[in-house]
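Okay, so here's the structure we're looking at.
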Amino acid sequence: MSDYQLADDLYLYPTPAGVFHAVSSAEDEPTRSLLRHILSFQSCPKAEINTLCEWLDVDDEQQALGFLHQAQTMSWIHGLKEAKEIHDSGIGQEMATLIPHLSSVGKGLLVDDNGFSLARSGVDDSTAEALAVLSADLLSVQDRHAARMAQCLGVTTQAWGAIDAYGSSRIGVWPLYIGDYRFSLVLLGVPQLNRQEFVALVWSLVKRYGKDGASVGESAE
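Quick note on this note's numbering: the sequence shown kicks off at 7 and runs consecutively.
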């Protein structure tokens, strides 16, 4: 086993890929737990060995650093020289400004686990309602077939989409597991999740609805 050493004075910042890994499944595992703890802060937390061990619930410092190294190798985490504070985008109009950046056509919406649209961009009321119902139905299908798909096909992704003849997404639905809630990110056109706007959107959701956050009903008022 390699002997890992923690670099001095670095702050942990999740990449868009790391954020996606953190919230793409409700299943808990060490790197996902590490990323979720990072997202629970208002600004990037400093990389400290005692904190890492606490987050990962391990006593072995090398084991904790091994999980950090794994996340770094997967390009899920960057080390920054200065802490970066994340602006809380709120819910509704402010968060709706992030959604256009995640779609090639600037259209999409964020749906809570009750089928209520929390934020949307580029779609009217009737379209938003139809997409919210569609996302709920798709995730219900996913719940029923997830275990068999993973066992028989090795498919563990939980996203679903309407694909055209060229293999491009026309409509995509991505579940976001945050705290005790499951949100749906519905995007029209080609998804563009490898952007800082995706980090900002998820970070804001974790701050509001994570284990220490408020309920959906309380925050949406």
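We put the beta carbon where it would ideally sit given N, CA and C, even for glycine. This structure is a prediction, so every number in the text was calculated from the model and none was measured.
Inset, instruction - Report all residues from its chain with a CB closer than 6 Å to the CB of Ile257; omit the five preceding and five following residues, and keep chain order. - result: Outside the shown range of the chain (7 to 227) lies residue 257, about which nothing can therefore be said.
Legend entry - Secondary structure of Ile92, DSSP reduced to three states: For this step, residue 92 is matched to residue 86 along the sequence shown. Here Ile92 sits in coil by DSSP.
Inset, instruction - Indicate the three-state DSSP secondary structure (helix, strand or coil) for Phe73 in the structure shown. - result: Position 67 of the sequence shown, counting from 1, holds the residue named residue 73. Here Phe73 sits in helix by DSSP.
Inset, instruction - Could you tell me the boundaries of the alpha helix (DSSP H) in which Pro36 lies? - result: In the sequence shown, residue 36 corresponds to position 30, counting from 1. Taken as a continuous stretch (DSSP letters only), the alpha helix (DSSP H) holding Pro36 covers Pro36 to Leu45.
Inset, instruction - Identify whether Arg214 lies in helix, strand or coil by the three-state DSSP scheme. - result: As a working mapping, residue 214 is identified with position 208 in the sequence shown. Here Arg214 sits in helix by DSSP.
Inset, instruction - Mind checking which residues open and close the alpha helix (DSSP H) that includes Trp180? - result: For this step, residue 180 is matched to residue 174 along the sequence shown. Where Trp180 is concerned, there is no enclosing alpha helix (DSSP H), although the beta strand (DSSP E) it sits in stretches over Ser175 to Ile184.
Legend entry - Contact check, Pro22 vs Arg201, beta carbons under 8 Å: Position 16 of the sequence shown holds residue 22. Position 195 of the sequence shown holds residue 201. With respect to Arg201, Pro22 sits close: the two C-beta atoms are nearer than 8 Å.
Legend entry - Pro36 versus Met101: straight-line alpha-carbon distance, rounded: On the sequence shown, residue 36 is found 30 positions in, with the first residue counted as 1. On the sequence shown, residue 101 is found 95 positions in, with the first residue counted as 1. Looking at the two C-alpha atoms, the distance is approximately 29 Å.
Legend entry - Three-state secondary structure (DSSP) of Pro20: In the sequence shown, counting from the first residue as 1, residue 20 sits at position 14. Pro20: strand per DSSP, three-state reduction.
Legend entry - Rounded C-alpha distance that separates Ile105 from Val139: Position 99 of the sequence shown, counting from 1, holds the residue named residue 105. Position 133 of the sequence shown, counting from 1, holds the residue named residue 139. Their backbone Cα atoms lie some 19 Å apart in a straight line.
Inset, instruction - With a 10 Å radius around its C-beta and 16 neighbouring C-beta atoms as the bar for buried, classify Tyr172 as buried or exposed. - result: Residue mapping note: residue 172 aligns to position 166 of the sequence shown, counting from 1. Exposed: under 16 other Cβ atoms inside 10 Å.
Legend entry - DSSP state of Phe204 mapped onto helix, strand, coil: Locating residue 204 in the sequence shown gives position 198, counting from the first residue. The answer is helix: DSSP assigns Phe204 an H, G or I state.
Legend entry - Burial state of Phe204 (16 or more Cβ within 10 Å): Stepping through the sequence shown from its first residue, residue 204 is reached at position 198. Buried, since its Cβ has 16 or more Cβ neighbours within 10 Å.
Inset, instruction - Determine the DSSP secondary structure at Leu145, reduced to helix, strand or coil. - result: Counted from its first residue, the sequence shown places residue 145 at position 139. In this structure, Leu145 counts as helix in the three-state DSSP scheme.
Inset, instruction - Quick one: grab the DSSP three-state call for Trp166. - result: Position 160 of the sequence shown, counted from the start, is the residue given in the question as residue 166. Here Trp166 sits in strand by DSSP.
Inset, instruction - Tell me whether Val117 sits in a helix, a strand or coil according to DSSP, three-state version. - result: Taking the sequence shown and counting its residues from 1, the one referred to as residue 117 is at position 111. Looking at Val117 - three-state DSSP - the assignment turns out to be strand.
Legend entry - Phe26 in three-state terms, based on DSSP: Along the sequence shown, one-based indexing puts residue 26 at 20. It is helical.
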